[in-house]
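2 protein chains.
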Amino acid sequence: MDGFYSGKGCYRLRFLPEQAGVRYHVYGCVEAEGSFSVEPAEPDSHGIVRTAGTRFVFADGRDYHPFGTTVYALFHQSEALFEETIDTLVQTPFNKLRACLFPKYYDFNHDDPPLYPFAQNADGSWNVHRPYFAFWDRLETNMLRLSSLGIQTDLILFHSYDRWGFSTMSPEEDCVYLDYLLRRLSAFPSVWWSLGNEYDLCKKSISHWEQLEEYIADHDPYRHPLSCHNALRLWDHSRPNISHVSIQSKALWRVNAWRQQYRKPVIIDEFGYEGNFPHAWGCLSAKELVSRFWRCCTTGAYGSHGETFYDGKSEIIWWSHGGKLHGESVPRIAFLKEIIESLPGHLEGIDTPPEMLYKVPQNQRAEVYKTLGELQTLARALWPLSDEEASFYIDSEITYQGRVGDKAFLNYYDIRCSAWDTLRLPSDKHYHVELIDTWNMTRQTVLENASGNVDVALPCREYMAVLALESEK
Amino acid sequence: MDGFYSGKGCYRLRFLPEQAGVRYHVYGCVEAEGSFSVEPAEPDSHGIVRTAGTRFVFADGRDYHPFGTTVYALFHQSEALFEETIDTLVQTPFNKLRACLFPKYYDFNHDDPPLYPFAQNADGSWNVHRPYFAFWDRLETNMLRLSSLGIQTDLILFHSYDRWGFSTMSPEEDCVYLDYLLRRLSAFPSVWWSLGNEYDLCKKSISHWEQLEEYIADHDPYRHPLSCHNALRLWDHSRPNISHVSIQSKALWRVNAWRQQYRKPVIIDEFGYEGNFPHAWGCLSAKELVSRFWRCCTTGAYGSHGETFYDGKSEIIWWSHGGKLHGESVPRIAFLKEIIESLPGHLEGIDTPPEMLYKVPQNQRAEVYKTLGELQTLARALWPLSDEEASFYIDSEITYQGRVGDKAFLNYYDIRCSAWDTLRLPSDKHYHVELIDTWNMTRQTVLENASGNVDVALPCREYMAVLALESEK
Chain A
1 MDGFYSGKGC YRLRFLPEQA GVRYHVYGCV EAEGSFSVEP AEPDSHGIVR TAGTRFVFAD
61 GRDYHPFGTT VYALFHQSEA LFEETIDTLV QTPFNKLRAC LFPKYYDFNH DDPPLYPFAQ
121 NADGSWNVHR PYFAFWDRLE TNMLRLSSLG IQTDLILFHS YDRWGFSTMS PEEDCVYLDY
181 LLRRLSAFPS VWWSLGNEYD LCKKSISHWE QLEEYIADHD PYRHPLSCHN ALRLWDHSRP
241 NISHVSIQSK ALWRVNAWRQ QYRKPVIIDE FGYEGNFPHA WGCLSAKELV SRFWRCCTTG
301 AYGSHGETFY DGKSEIIWWS HGGKLHGESV PRIAFLKEII ESLPGHLEGI DTPPEMLYKV
361 PQNQRAEVYK TLGELQTLAR ALWPLSDEEA SFYIDSEITY QGRVGDKAFL NYYDIRCSAW
421 DTLRLPSDKH YHVELIDTWN MTRQTVLENA SGNVDVALPC REYMAVLALE SEK
Chain B
474 MDGFYSGKGC YRLRFLPEQA GVRYHVYGCV EAEGSFSVEP AEPDSHGIVR TAGTRFVFAD
534 GRDYHPFGTT VYALFHQSEA LFEETIDTLV QTPFNKLRAC LFPKYYDFNH DDPPLYPFAQ
594 NADGSWNVHR PYFAFWDRLE TNMLRLSSLG IQTDLILFHS YDRWGFSTMS PEEDCVYLDY
654 LLRRLSAFPS VWWSLGNEYD LCKKSISHWE QLEEYIADHD PYRHPLSCHN ALRLWDHSRP
714 NISHVSIQSK ALWRVNAWRQ QYRKPVIIDE FGYEGNFPHA WGCLSAKELV SRFWRCCTTG
774 AYGSHGETFY DGKSEIIWWS HGGKLHGESV PRIAFLKEII ESLPGHLEGI DTPPEMLYKV
834 PQNQRAEVYK TLGELQTLAR ALWPLSDEEA SFYIDSEITY QGRVGDKAFL NYYDIRCSAW
894 DTLRLPSDKH YHVELIDTWN MTRQTVLENA SGNVDVALPC REYMAVLALE SEK
């Protein structure tokens, strides 16, 4: 492990033991030597979050389902506001928080931050070789406070909302910054690296970004989650260093396809915020925001919360500064989280019939066609389509369904106001079927011992879900 | 004009004079001869609807804005039910109705119709050379009833929901049928030809469809509106015989692009129905249905209504049979229609900034970039995208805005719950600005003499619109 200078003549070296019982020896240029043994983790400490297929798991094997929020400039606020934010977070279900290391310059964000990460050169440029220790000390204190609430810090390392010059440093300067960051923060179990926020709005070339991604992967000894979040063009999430798919998009009909394409966990880290801003991305009703969470989660992905209410007076907005929450989505997100955590495994999205049919390879279609029954008409119309035509049709006809093997089936009805639906359950198993009102947060048993094709009565209003759980026999 | 046999020894010849004052002579094989002069039309008779650019106009030059509904099997119901449907229609804003000439076989539609259009051969196949006159007489009577209410019949000539064999006749049989149809019905000013409903679900080849389209165009002396409605793949609406774009799609973010692409009027003739069916297409809330109308109309296109409520008892469903309406969308569609009809001209959708920027030709981008100001960041991220990436981004970031030159600007906010918006009006003109609550059907003046960039307060809830009309000076 490489150490770092933390000011006042003090050099530090941090490490994160991932096994109990191992003995470590410390020695080196700073004239310190010693040894100690590693005890088992406290029950509440689960270690670093890593990925397993399209799921997240803690180092100790426990499932981790990210339900994040967004406070971009959290680490650049007054102590009092940070404390108020913590008081708010305690009452939320959030277990991940996206925040920038560098200060943010944008609407409602025009002030200089209390502290900068580096000292300045005589010409006003940043001297990345001279970290400003008070900044880093405070960042760590803040991150540990989040961690004590069970919140992973999804730390945004670069972004474009900048007037101080942090977004336009050279690749060499960027790497000096990352070197210090990784030496200081890698031993924190609860940190994630979000390489860029809206990376494609920055004035960096793709090769510059790739160099930074490589640098982090090479210098983080613990392989913390590493992702890169887009504005317009998705990052290439298939790159081996990338642990999971972090996306900004409102096109939630694509979520299941992304999960299948990348075979990594998918988080839609930005699909719009609950609020009243004039911007299309910042004026969603709580109902719409909660629905976006359900659309993602039903198909085995995750979402991130954000809130943008302006009351005409206070310019403290949750999405950047923290403080208090004013919306109505948070209890509903908690309700969803509880359901997702209670499932007997990880949900995988179920393809709609058009998705399923279009995936049949050309040379098998004639054979498959004979077996399709009612679906023959759809296949006949679908198969001649070009990929572009097919995806246009498929995307606009999406419904939201997921399953945990044969153990659980979840249908989310979104804006559909149906009076009934027919579930198609395995006929050799029995299910307990619940009607879930995702907005009013009620769960009601509607069928016991359901099997095969069964009709479920629905209440003709939006935002309903049906969960079928295999009954224990 | 070609005549037709209408039974009981009677041959008829119909024509539709489109100018007053002209003298016509009638003579021919049926031993009839005579002449008469053509008087000017009654004030309520406006003639055939035709197109002018992306607008519809009656033959007398009056604007026609289609606000249609859908009663697929209207012409195959009992007299009593037809009368009940007429009683309902009188109270609606609808001025177009989609209905099939052939009977329909589908969920809730399993009965044989009272009458068939042709006599049967000994083997049970249809003898298209022997029209069943009672069917055609009744069809005409029904269409004239609709016409008397100012309703255009958008007559669907072929569809796939069939168990009687009408969808699988030979091209020759189809043309014999069309020949009789065109001789009988072309002189009705209020008929439109919808070549196929979900044409691509039928077992007809594209060349078969094209042959039918040509046949109609060649044999309809009056050029009634002619379109073809899809299930999955859009018909090629750029074909010269096609008068307007008739589309089934939920992808309403594409509407403005279609209007621009085809330079013809666009009607989204199927974007889902208000109702409580389990099918995703038949369970929209009234709010969602009304919103789909606004999304289409704001960008200069039109929508079509349909209703699918099943109460668990009566299998009379508006979308197929007619009868009574049970939903809440109709008064709101009437409210929208009144606004659209009151505008000083035809709306044209306004491109969003990403749409606008992406259209800048490659070789002009360097020059344009310098002039972009705040939009430079977006251009930098957008311009490197492939067409597929760009349209993915653009489609999912759509907002709904239209204008009538500089005379009127309409913003529809859909699900946006903003507290305010900034209108960017021409600074050399003055506008009267109204806030429209599209659901509660209220209009409220919020600014007078507005000019240039002005903020408008919005009430933080969905389904609002703002209309700026140039003030008279």
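Order-wise, the sequence lines are chains A and B. In case it helps, the working numbering puts the first sequence at residues 1 to 473. In case it helps, the working numbering puts the second sequence at residues 474 to 946. Ideal Cβ placement from N, Cα and C applies to all residues, glycine included.
- Straight-line measurement puts the Cα of residue 931 of chain B at about 41 Å from the Cα of residue 663 of chain B.
- Beta-carbon to beta-carbon, residue 161 of chain A and residue 106 of chain A are separated by about 4 Å, close enough to satisfy the 8 Å threshold.
- Under the Cβ distance rule, residue 100 of chain A does not count among the residues neighbouring chain B, no pair being separated by less than 8 Å.
- Those residues of the region 724 to 751 of chain B placed with their C-beta closer than 7 Å to a C-beta in chain A are 724, 749, 750 and 751, ordered along the chain.
- Pairing residue 786 of chain B with residue 800 of chain B, the inter-Cα distance amounts to about 17 Å.
- Between the region 233 to 249 of chain A and the region 260 to 269 of chain A, the count of Cβ pairs shorter than 8 Å is three or higher; the stretches touch.
- Of all residues in the region 394 to 405 of chain A, the ones placed with a Cβ closer than 8 Å to any Cβ belonging to chain B are 395, 396, 397 and 399, in chain order.
- Rounded to whole angstroms, the separation of the alpha carbons of residue 589 of chain B and residue 481 of chain B is 18 Å.
- Proximity of residue 916 of chain B to chain A, defined by a Cβ-Cβ separation below 8 Å, is not satisfied.
- Nearest neighbour of residue 442 of chain A by Cα position, chosen from A:3, A:332 and A:417, turns out to be A:332.
- By a beta-carbon distance limit of 8 Å, residue 770 of chain B contacts residue 813 of chain B. Their separation comes to about 6 Å.
- The alpha-carbon separation between residue 100 of chain A and residue 714 of chain B amounts to approximately 58 Å.
- A Cβ of chain B is located within less than 8 Å of the beta carbon of residue 233 of chain A.
- In this structure, the alpha-carbon of residue 474 of chain B lies about 23 Å from that of residue 591 of chain B.
- Around the beta carbon of residue 505 of chain B, fewer than 16 other beta carbons lie within 10 angstroms, which makes this residue exposed.
- With respect to the C-alpha of residue 703 of chain B, the residue from A:381, A:43, A:406 and A:449 having the closest C-alpha is A:381.
- The criterion of a C-beta distance shorter than 8 Å is satisfied by residue 544 of chain B and residue 792 of chain B.
- Bounds of the alpha helix (DSSP H) holding residue 684 of chain B are 679 to 692.
- For the region 770 to 783 of chain B, the beta-carbon criterion of a distance under 7 Å to any beta-carbon of chain A is satisfied by 783.
- Per DSSP, residue 640 of chain B has no beta-bridge partner at all.
- The straight-line gap separating the alpha-carbon atoms of residue 647 of chain B and residue 563 of chain B is approximately 34 Å.
- For the 8 Å CB-CB criterion, residue 254 of chain A and residue 54 of chain A do not form a contact.
- Between residue 811 of chain B and residue 760 of chain B, the alpha-carbon positions lie close to 18 Å from each other.
- Within the region 813 to 870 of chain B, the complete alpha helix (DSSP H) runs of at least 4 residues fall at 826 to 831, 838 to 842, 849 to 855 and 860 to 869.
- In the DSSP annotation of this structure, the continuous segment of the beta strand (DSSP E) that includes residue 118 of chain A starts and ends at 118 to 120.
- Taking 7 Å as the upper bound on Cβ-Cβ separation, chain B lies near residues 415, 416, 417, 418, 419, 420, 421 and 422 of the region 408 to 422 of chain A.
- The region 169 to 187 of chain A makes contact with the region 11 to 18 of chain A: 3 or more CB pairs, one atom from each, lie closer than 8 Å.
- Linking residue 203 of chain A to residue 110 of chain A through their CA atoms gives a straight-line distance of about 21 Å.
- In this structure, DSSP gives residue 92 of chain A a state outside helix and strand, which the three-state scheme calls coil.
- Under DSSP, the beta-bridge partners assigned to residue 937 of chain B are B:910.
- Rounded to whole angstroms, the separation of the alpha carbons of residue 682 of chain B and residue 674 of chain B is 12 Å.
- For residue 399 of chain A, there is no enclosing alpha helix (DSSP H), as DSSP marks it with neither H nor E.
- Under DSSP, residue 24 of chain A shares a beta bridge with A:36.
- When the beta-carbon positions are compared, residue 879 of chain B and residue 899 of chain B come within less than 8 Å of each other.
- The Cβ neighbour count for residue 303 of chain A, taken over all protein chains shown within 10 Å, is at least 16; the residue is labelled buried.
- With respect to chain A, the C-beta atom of residue 933 of chain B has a partner C-beta closer than 8 Å.
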